[in-house]
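Only one structure is covered here, and it is reproduced in the block below.
There are 2 protein chains.
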Amino acid sequence: MSERRPGEIPEATVARLAVYLRVLTGLVDASTVTVSSEELATIAGVNSAKLRKDLSYLGSIGTRGVGYDVTVLREKIASSLGLTQRRTCVLVGIGNLGHALAGYSGFSSRGFTFVGYFDADPARVGEPIVDSRIRDIAELELVVKSHGVSIGVIATPAEAAQTVCERLVDAGVTSILNFAPSVLTVPDNVDVRKVDLAAEMQILSFHEHRKSRGLGNGLVESVG
Amino acid sequence: MSERRPGEIPEATVARLAVYLRVLTGLVDASTVTVSSEELATIAGVNSAKLRKDLSYLGSIGTRGVGYDVTVLREKIASSLGLTQRRTCVLVGIGNLGHALAGYSGFSSRGFTFVGYFDADPARVGEPIVDSRIRDIAELELVVKSHGVSIGVIATPAEAAQTVCERLVDAGVTSILNFAPSVLTVPDNVDVRKVDLAAEMQILSFHEHRKSRGLGNGLVESVG
DNA sequence: AGCTGTGAAAAGATTCACAGCG
DNA sequence: CGCTGTGAATCTTTTCACAGCT
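Line by line, the protein sequences are chains E and U. Using this note's numbering, the first residue of the first sequence is number 1, and each one after it goes up by one. Using this note's numbering, the first residue of the second sequence is number 1001, and each one after it goes up by one.
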């Protein structure tokens, strides 16, 4: 296919823009005015060609011979990610992890407002959480609809995740962040991202395994 | 280049093997004996061609006309991921998230043994955690070396992450799972994976942004 | 017949290398 | 000159489509 329309930012690039944004916020705080692709790339842990290619999807923002204006670039990335408007979110499943997520200040400071914390356990309902209280899951649809919630975060046990997901989607949520170790099935218009803690550990385990095999003999054996 | 040696499993495949493994464990629990690529793929949320290609890197495990033996396949994936031996781990940074991670049963049940929980805050040192107590970060090197820890999990604030990372690496850790919102610099032989909660939300925000732009103008042609 | 395993094609992401602007 | 922005080359991942085994 031919030309990539403005706004057609590749997935891999979108994921990195969030990193650049954080780095740039740090640079703004440090009163840095301009930054070169080389410098920014080093701080962000990527190479400069990739960084420039990523930024090129946002348009031509830099000044040749100089670099990027830190403030301008940060604004541009924030608006590309749709972060100029606050987004309302709900969190479902207030166990250990749910509490940790509720307490994470990084969400609020980055424009995400949680308007409801839900749990199915009657014993937990009513408990204080952040500046609010845990609500009964029965109220989920009501809250989602009345606040026009766009992102649902699922931190329930695996068994409950698909049902919760369906309720969120039926109520109008179109983006889901899933911490439950289960695969969610959703309609095409809904985006799901998953954070799979055990999987991350297993991927590291694979690389450990790989490093220890063939240590010192130059040979890799194995094969079933 | 030329031929892919046995054991040369692509990164993208490794990440999915962890998902297949979980699905297969569910099937074993449900006493399922064999499964086709089509069935397994559906449950795992991928297409069957990808699944078969992924499994082909482990060797020829299935039976044509029949499918895969659930137990055999699960064993094969587990051994490929190096999960036949338990791995020792440490967790550094016992705040909200650290507590949640320490309480997550999915690690232990999947072969990861945490041999130390560390924090820099003297007020927290000595507090009970899981079946142990929070230790002073000063003991980090001692514990890592004496237990031959291979995986370090970092759940500290961003400012502390790089220092903790260096201490882990110097003590011999070669794999790191980083929950702090910061980019870690490590030697080539060390693997880092990061879980960036705010970034995940921002990626969803991007897609929300994308969906809402062009709503009602007929220019949007479905969503990926 | 049915389903796996896999070459080959297509799509996507990264890196190279340099033209071109300030 | 120095640094951005970008086509072209390369590498990786996904998808297709079917040969080949049970």
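Even for Gly, the Cβ is constructed at its ideal location relative to N, Cα and C. Here the structure is a predicted model, which means the values were calculated and not measured.
Between which residues of its own chain and E:V115 is the CB-CB distance below 8 angstroms, once the five residues before and five after are set aside?
Closer than 8 angstroms at Cβ, skipping near neighbours: T88, C89, V90, V143, H147 and V149.
Report buried or exposed for E:R74, applying the criterion of at least 16 other Cβ atoms within 10 angstroms of its Cβ.
With 16 or more Cβ atoms within 10 Å of its Cβ, E:R74 is classed as buried.
Leaving out five residues on either side along the sequence, give the residues of the same chain with a beta carbon under 6 angstroms from the beta carbon of E:S36.
Around E:S36: G67.
Tell me where the alpha helix (DSSP H) around U:Y1020 begins and ends.
Its alpha helix (DSSP H) spans residues E1011 to D1029.
Would E:L184 and E:I151 be called neighbours here (beta carbons separated by less than 9 angstroms)?
Contact: no.
Between the stretch 1016–1035 of chain U and the stretch 1048–1066 of chain U, do at least 3 Cβ pairs fall closer than 8 angstroms?
Counting Cβ pairs under 8 angstroms, three or more are found: they touch.
In the DSSP assignment, find the beta strand (DSSP E) that holds E:N178 and state where it starts and stops.
Its beta strand (DSSP E) spans residues S175 to N178.
E:T71 and E:V28: beta carbons closer than 9 angstroms?
Yes; because the gap between Cβ atoms is below 9 angstroms, this pair is in contact.
Out of U:A1171, U:A1160 and U:V1195, point me to the one whose CA is closest to U:L1177's CA.
With distances taken between Cα atoms, U:L1177 lies closest to U:V1195.
Measure from the C-beta of U:R1124 to each C-beta in chain E and report whether the shortest distance is under 9 angstroms.
Not an interface residue.
Is DSSP giving U:D1121 helix, strand or coil here?
Looking at U:D1121 - three-state DSSP - the assignment turns out to be coil, as it is neither helix nor strand.
What residues match up with U:Y1068 in a beta bridge as DSSP calls it?
In the DSSP output, where bridge partners are listed per residue, U:Y1068 has U:V1035.
What's the C-alpha gap between E:I137 and E:I94?
Cα-Cα distance, rounded: 11 angstroms.
Can you tell me which of E:Y20, E:A198, E:Y104 and E:V190 puts its alpha carbon nearest to the alpha carbon of U:L1197?
Comparing Cα positions, the closest option is E:Y104.
Between E:P187 and E:I61, what straight-line distance do the alpha-carbon atoms span, to the nearest angstrom?
Rounded to whole angstroms, E:P187 to E:I61 spans 36 angstroms at the Cα level.
What's the call for U:T1156, buried or exposed, on a 16-neighbour Cβ count within 10 Å?
U:T1156 comes out buried.
Within the same chain, show all residues whose beta-carbon is closer than 7 angstroms to that of E:L97, passing over the 5 residues directly before and after it, in chain order.
Answer for E:L97: A155 and F179, listed in chain order.
At what residues does the beta strand (DSSP E) containing E:G45 begin and finish?
No beta strand (DSSP E) contains E:G45, which DSSP labels as neither H nor E.
Using the DSSP secondary-structure output, state which residues sit across from U:T1088 in a beta bridge.
Answer is U:T1113.
Rounded to whole angstroms, what is the Cα-Cα separation between U:E1139 and U:R1167?
Their Cα atoms are separated by approximately 11 angstroms.
Report buried or exposed for U:R1110, applying the criterion of at least 16 other Cβ atoms within 10 angstroms of its Cβ.
So U:R1110 ends up on the buried side.
Skipping 5 residues on each side, what residues in its chain have a beta carbon closer than 7 angstroms to that of U:Q1202?
Nothing meets the Cβ criterion.
Any heavy atom of the ligand ADP closer than 8 angstroms to the Cβ of U:R1022?
In terms of ligand content, the structure shown is empty, and the ligand ADP therefore cannot be addressed.
Are the C-beta of U:L1024 and some C-beta of chain E separated by less than 9 angstroms?
Chain E, which has no Cβ nearer than 9 angstroms to the Cβ of U:L1024, makes this no.
Give the residues from the stretch 1087–1103 of chain U that approach chain E closer than 9 angstroms (Cβ to any Cβ), ordered along the chain.
Of all residues in the stretch 1087–1103 of chain U, R1087, C1089, G1095, N1096, L1097, G1098, H1099, A1100, L1101, A1102 and G1103 have a Cβ within less than 9 angstroms of some Cβ in chain E.
Starting from E:R210, trace the alpha helix (DSSP H) both ways and give me its first and last residue.
It spans L197 to S212 - the alpha helix (DSSP H) in which E:R210 sits, taken as one unbroken run.
Using alpha carbons as the reference points, say which of U:E1208, U:A1044, U:D1191 and U:A1199 lies closest to E:V206.
According to the sequence provided, residue 206 of chain E is Phe. The question's Val does not apply to it. Out of U:E1208, U:A1044, U:D1191 and U:A1199, U:D1191 has the C-alpha closest to the C-alpha of E:F206.
Taking C-alpha atoms, which residue in E:D121, E:I9 and E:G126 lies nearest to E:I77?
Among E:D121, E:I9 and E:G126, the Cα nearest to that of E:I77 belongs to E:I9.
The beta strand (DSSP E) spanning E:V153 covers which residue range?
Element bounds for E:V153: I151 to I154.
Looking only at DSSP bridge pairs, what is E:P128 linked to?
Beta-bridge pairing links E:P128 to E:R133.
Tell me which residue opens and which closes the beta strand (DSSP E) that E:V186 is part of.
Where E:V186 is concerned, there is no enclosing beta strand (DSSP E), given that its DSSP letter is neither H nor E.
Is any beta-carbon of chain U found at less than 9 angstroms from that of E:F107?
Yes, its Cβ sits closer than 9 angstroms to a Cβ of chain U.
Check each residue of the stretch 1132–1149 of chain U: if its Cβ is closer than 9 angstroms to any Cβ of chain E, include it; give the result in chain order.
Of all residues in the stretch 1132–1149 of chain U, none has a Cβ within less than 9 angstroms of some Cβ in chain E.
If we count the other Cβ atoms within 10 Å of its Cβ and call it buried at 16 or more, is E:E200 buried or exposed?
Buried, by the Cβ-count rule.
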